[in-house]
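S.K.: Residue numbers (our numbering): 4 to 216.
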Amino acid sequence: MSNLATAEELHNTFSQLISPNEAKQEKNKAHSTAPLKSRSPLKQESKEIYLEENSLITSKTDLKGLITYGNADFVHFSGFKEEEFLGKPHNIIRHKDMPQIAFKLLWDNIKNGKEFFAFVKNNSRTQAFYWVFANITPSYDKQKNIIGYYSVRRRPSKKGIAFISDVYAKLLQAEAQGGMNASLALLEQMLKEAQTTYDELIIALQNTGEGYH
């Protein structure tokens, strides 16, 4: 099964569990505002901002997830000054629409020396939000001990955001009813029915179609 077929299959499987009204609401929510066109300061009235094609948000954390570095794009999109985010938990930019299971999967992977990919919805201090395609990897010392984590965020694909918005909404619903165990069970069920893995799905979605803007 090709990556594209895999992504389409899983999308169809998840869609069976999402009512037309829910899917429509999430789609409208994801495309409600105009894209960011310049590097001008973000405004308070903004609802959604978009990464540009050449945007590259990078940050580093220690083993506890406290921020030790953020580049210029991190400053721009997060809305925080360097002195405001250094030493703070990386979840200061976490959006309420992100299911907890996404971060459990993240930590389970990177603590075991594996890289992790995900579509992530972030908050900006300006009250805006923005979507990214994130790649998080462990950082090592000379003795090959994990000493922290490095995150690179790029412009996500339109296909990925359209799909994952519906998935996250359903996982959040499962968490509200039965906690993370319920959302994990739902995710595993969908992956099994689509005969794919999480990594295969996420990478296929990112490599399909044009950038989100």
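For each residue, glycine too, the CB sits at the ideal point set by N, CA and C.
Under 8 Å between the Cβ atoms of P141 and Y152?
M.R.: Contact flag set, yes.
S.K.: Could you give the uninterrupted runs of the alpha helix (DSSP H) lying entirely in the segment 90 to 125, keeping only those of 4 residues or more?
M.R.: Entirely contained in the segment 90 to 125, the alpha helix (DSSP H) runs reaching 4 residues are, in chain order, 103 to 113.
S.K.: What does a CB cutoff of less than 8 Å around L208 pick up in its chain, not counting 5 residues either side in sequence?
M.R.: Closer than 8 Å at Cβ, skipping near neighbours: A10, F122, S160, K162, G163, F166 and I167.
S.K.: Under the three-state reduction of DSSP, which class applies to A207: helix, strand or coil?
M.R.: Three-state DSSP puts A207 in a helix.
S.K.: For G68, which option in F88, N74 and P102 has the closest C-alpha, if you only look at C-alpha atoms?
M.R.: It is F88.
S.K.: With DSSP as the reference, label E55 as helix, strand or coil.
M.R.: Coil at E55, not helix or strand.
S.K.: Just the Cα atoms here: how many angstroms apart are A137 and S154?
M.R.: Answer to the nearest angstrom: the Cα atoms are 7 Å apart.
S.K.: For the beta strand (DSSP E) containing S229, list its first residue and its last residue.
M.R.: Outside the shown range of the chain (4 to 216) lies residue 229, about which nothing can therefore be said.
S.K.: Would you check if the distance between the CB atom of N125 and the CB atom of I149 is smaller than 8 Å?
M.R.: Not in contact: N125 and I149 (Cβ atoms no closer than 8 Å).
S.K.: How is S81 classed by DSSP in three states: helix, strand or coil?
M.R.: The answer is helix: DSSP assigns S81 an H, G or I state.
S.K.: With distances taken between CB atoms, is the gap from I104 to E178 smaller than 8 Å?
M.R.: For I104 and E178, yes; Cβs fall inside 8 Å.
S.K.: Express the C-alpha separation of T71 and Y143 in angstroms, rounding to a whole number.
M.R.: Using only the alpha carbons, I get a separation of about 15 Å.
S.K.: Taking C-beta to C-beta, are I60 and L109 nearer than 8 Å?
M.R.: Not closer than 8 Å, so no.
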